[in-house]
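S.K.: Our numbering puts the first residue of the sequence shown at 1364, with every later residue one more than the last. From the three backbone atoms N, C-alpha and C, an ideal C-beta is built for every residue, glycine too. These figures come from a predicted structure and were not determined experimentally. Encoded as structure tokens, here's the structure I'll be asking about.
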Amino acid sequence: MKVAENNSPVANIDGISIKKTRSEETKRAWHRMKRSKLSLVGLTIVVIIILTAIFAPWIAPYPDHASGKIFFDKMNQPPSLEHIFGTDEVGRDIFSRIIFGARISLVLGFTVLSIAIVIGVPLGLIAGFWGGRVSTIIMRTTDIFLAIPSLVLALAVAAIMEATLMNIMIAISFGWWPWFTRLVQGEVLSLKGEQFVLASEGLGASKWRIAFTEILPNCVSTIIVKATLDMGFVILTGASLGFLGLGAQPPIPEWGTMIAEGRVYLPEMWWQATFPGLAILVTVLGFNLLGDGLRDVFDVQVDKEG
1364 MKVAENNSPV
1374 ANIDGISIKK
1384 TRSEETKRAW
1394 HRMKRSKLSL
1404 VGLTIVVIII
1414 LTAIFAPWIA
1424 PYPDHASGKI
1434 FFDKMNQPPS
1444 LEHIFGTDEV
1454 GRDIFSRIIF
1464 GARISLVLGF
1474 TVLSIAIVIG
1484 VPLGLIAGFW
1494 GGRVSTIIMR
1504 TTDIFLAIPS
1514 LVLALAVAAI
1524 MEATLMNIMI
1534 AISFGWWPWF
1544 TRLVQGEVLS
1554 LKGEQFVLAS
1564 EGLGASKWRI
1574 AFTEILPNCV
1584 STIIVKATLD
1594 MGFVILTGAS
1604 LGFLGLGAQP
1614 PIPEWGTMIA
1624 EGRVYLPEMW
1634 WQATFPGLAI
1644 LVTVLGFNLL
1654 GDGLRDVFDV
1664 QVDKEG
């Protein structure tokens, strides 16, 4: 019989298995989440950003300004009631472009983390459960990648490829999957001696079945927390590469690219670089606060950044 972790839906009291309802687990998780006001602030910020990205064409006051159109009669206007964040060097509404830029940042973050999880999690499972030479090869390769800072590795990869949004996502993924490999490998090492794993082995279950149906589900909460905490850092890394001209190219409204375009006009036209920078700040803060809240909810310990 499976013996669960603290947050598992199965408990054992005096030999009697009790199946907790999902509603009870949800209520307890939400109660733990509500105890942290900052976590609720992070959740609110993340929800607003996601909804803004989804409904950008209807929220943005000037949807056509997210393209390459030029409006010379409105160029370099300061914040006003008509353009609350002002306009850029070709007259485009900065507020509208920031709203559409949320789409770019979220797509970048979700794609990078999806690639990192798809590569890193299976490797971590194999390294932790199988051990031996296979584990040594995987973990030494992981250590090589971890020895290079994620941003530096992303810069190196992005520099040899064409500057596009897809290439920047691939470049960042190169430096992110090893963190999930190491995380999952550590979780597997702590779980492989549990009673439910030993019971499955005693019943003749294959190693693949034990790893992916018994151990992996117990690592999901840790992976979710890690991904949430990393989301903000991935977006910040993508903006950094965009600022250096290695990411999405104009006229795509990517926040890092917008800052790079606006810095030329500092300090007189401060709004062109300031508001995209604030968008990055609020987004990273929101995901960090949400990640801290989820870490308390699931009662797991992970590093805050990869």
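(1) In its own chain, which residues sit with a C-beta less than 6 Å from the C-beta of A1509, not counting the 5 before and 5 after it?
(2) Identify the continuous alpha helix (DSSP H) that holds E1564 and give its terminal residues.
(3) Please look up how many angstroms separate the CB atoms of T1474 and I1501, rounded, as I've assumed it's under 8 Å.
(4) Roughly how many whole angstroms lie between the Cα atoms of T1358 and I1422?
(5) With H, G and I counted as helix, E and B as strand and the rest as coil, what does DSSP make of D1456?
(6) If we call anything under 8 Å between Cβ atoms a contact, is Q1612 one with D1451?
(7) Between which two residues does the alpha helix (DSSP H) holding I1411 run?
(8) List the endpoints of the continuous alpha helix (DSSP H) containing I1643.
(9) Just to confirm the assignment, what range does the alpha helix (DSSP H) spanning S1498 have?
(10) When the Cα atoms are used, what is the spatial distance from V1583 to N1651?
(11) Can you find the residues in the same chain that come closer than 6 Å, C-beta to C-beta, to P1426, ignoring five residues on each side of it along the sequence?
(12) Quick test of your reading: A1590 and I1480, contact by CB under 8 Å. State the CB separation rounded to the nearest angstrom.
(13) Expressed to the nearest angstrom, what Euclidean distance is found between the alpha-carbon atoms of T1600 and S1563?
(14) From the DSSP secondary-structure annotation, give me the bridge partner or partners of T1450.
(15) Would you kindly check if the distance between the Cβ of G1464 and the Cβ of D1436 is under 8 Å?
(16) Report yes if the C-beta of R1572 is less than 7 Å from at least one heavy atom of the ligand FMN; otherwise report no.
(17) Go ahead and pull the three-state DSSP assignment for M1594.
(18) Can you give the Cα-Cα distance for R1503 and L1486, rounded to whole angstroms?
(19) Nearest to I1433 by alpha carbon, out of I1457, F1448 and S1443?
(20) Using only alpha-carbon positions, find the residue among P1424, E1525, V1409 and I1411 that is nearest to G1449.
(21) Could you tell me the boundaries of the alpha helix (DSSP H) in which G1431 lies?
(22) Specify the secondary structure class of L1528 as computed by DSSP and reduced to three states.
(23) Would you be able to state if there are at least three C-beta pairs under 8 Å between the segment 1547 to 1554 and the segment 1568 to 1582?
(24) Tell me which same chain residues have a C-beta within less than 6 Å of the C-beta of V1578, skipping the five on either side of it?
(25) Give me, in chain order, the residues of the same chain whose beta-carbon lies closer than 8 Å to that of L1476; leave out the 5 immediate sequence neighbours on both sides.
(26) For L1444 and V1520, what's the separation of their Cα atoms in angstroms?
(27) To the nearest whole angstrom, what separates the beta carbons of P1547 and L1488, a pair I think is in contact under 8 Å?
M.R.: According to the structure shown:
(1) For this step, residue 1509 is matched to residue 146 along the sequence shown. First, the amino acid is wrong: residue 1509 is Leu here, not Ala. Counting only Cβ-Cβ distances below 6 Å, and skipping sequence neighbours, we find P1541.
(2) Taking the first residue of the sequence shown as position 1, residue 1564 is located at position 201. Taken as a continuous stretch (DSSP letters only), the alpha helix (DSSP H) holding E1564 covers Q1558 to G1565.
(3) Here residue 1474 refers to the residue found at position 111 when the sequence shown is read from its first residue. Here residue 1501 refers to the residue found at position 138 when the sequence shown is read from its first residue. Going by Cβ atoms, the distance from T1474 to I1501 rounds to 24 Å, so no, they are not a contact pair.
(4) Since the first and last residues shown for the chain are 1364 and 1669, residue 1358 lies out of range.
(5) Indexing the sequence shown from 1 puts residue 1456 at position 93. If DSSP states are grouped into helix, strand and coil, D1456 belongs with the strands.
(6) Position 249 of the sequence shown, counting from 1, holds the residue named residue 1612. Position 88 of the sequence shown, counting from 1, holds the residue named residue 1451. Cβ distance not < 8 Å, so Q1612 and D1451 don't count as in contact.
(7) Counting from 1 along the sequence shown, the entry for residue 1411 is found at position 48. In this chain, the alpha helix (DSSP H) harbouring I1411 covers K1400 to I1417.
(8) Counted from its first residue, the sequence shown places residue 1643 at position 280. The continuous alpha helix (DSSP H) containing I1643 extends over residues W1634 to F1661.
(9) Counted from its first residue, the sequence shown places residue 1498 at position 135. DSSP places S1498 inside the alpha helix (DSSP H), whose first and last residues are G1495 to L1509.
(10) Walking along the sequence shown from the start, residue 1583 turns up at place 220. Walking along the sequence shown from the start, residue 1651 turns up at place 288. Going by C-alpha positions, V1583 is about 19 Å away from N1651.
(11) Here residue 1426 corresponds to residue number 63 of the sequence shown, with the count starting at 1. These residues qualify, in order along the chain: P1420.
(12) Walking along the sequence shown from the start, residue 1590 turns up at place 227. Walking along the sequence shown from the start, residue 1480 turns up at place 117. With a contact defined as Cβ atoms closer than 8 Å, A1590 and I1480 qualify at about 7 Å.
(13) Numbered from 1 along the sequence shown, position 237 holds the residue referred to as residue 1600. Numbered from 1 along the sequence shown, position 200 holds the residue referred to as residue 1563. Approximately 42 Å between the Cα atoms of the pair.
(14) Position 87 of the sequence shown holds residue 1450. Answer is D1456, bridged to T1450.
(15) In the sequence shown, counting from the first residue as 1, residue 1436 sits at position 73. In the sequence shown, counting from the first residue as 1, residue 1464 sits at position 101. Not a contact, by the Cβ cut-off of 8 Å.
(16) Summarising the ligand content, the structure contains no ligands, and the ligand FMN is consequently not present.
(17) Translated into the one-based positions of the sequence shown, residue 1594 becomes position 231. Residue state for M1594 is assigned as helix, using DSSP reduced to three classes.
(18) One-based indexing of the sequence shown puts residue 1503 at position 140. One-based indexing of the sequence shown puts residue 1486 at position 123. R1503 and L1486 have their C-alpha atoms roughly 12 Å apart.
(19) Numbered from its first residue, the sequence shown carries residue 1433 at position 70. Closest option to I1433, judged by alpha-carbon separation, among I1457, F1448 and S1443: I1457.
(20) Against the sequence shown, residue 1449 aligns to sequence position 86. If we check each option's Cα against that of G1449, P1424 comes out closest.
(21) To locate residue 1431, count along the sequence shown from 1; it is residue 68. Neither: G1431 is in no alpha helix (DSSP H) and is coded neither H nor E.
(22) Your numbering for residue 1528 matches position 165 in the sequence shown. Three-state DSSP puts L1528 in a helix.
(23) Under the 8 Å Cβ criterion, the segment 1568 to 1582 counts as touching the segment 1547 to 1554, having at least three qualifying pairs.
(24) The count along the sequence shown starts at 1 and reaches residue 1578 at position 215. Reading off the sequence shown, one finds Ile at residue 1578, where the question assumed Val. Leaving aside the five residues that flank I1578 on each side, the residues in its chain whose CB is nearer than 6 Å to its CB run, in chain order, V1551 and L1554.
(25) Within the sequence shown, numbered from 1, the residue matching residue 1476 stands at position 113. Excluding positions up to five away in sequence, the list reads W1539, A1590, D1593, M1594 and V1597.
(26) Against the sequence shown, residue 1444 aligns to sequence position 81. Against the sequence shown, residue 1520 aligns to sequence position 157. Distance between the alpha carbons of L1444 and V1520 is about 43 Å.
(27) On the sequence shown, residue 1547 is found 184 positions in, with the first residue counted as 1. On the sequence shown, residue 1488 is found 125 positions in, with the first residue counted as 1. Here residue 1547 is Val; the residue named in the question, Pro, does not match the sequence. So it is a contact: roughly 6 Å between Cβ atoms.
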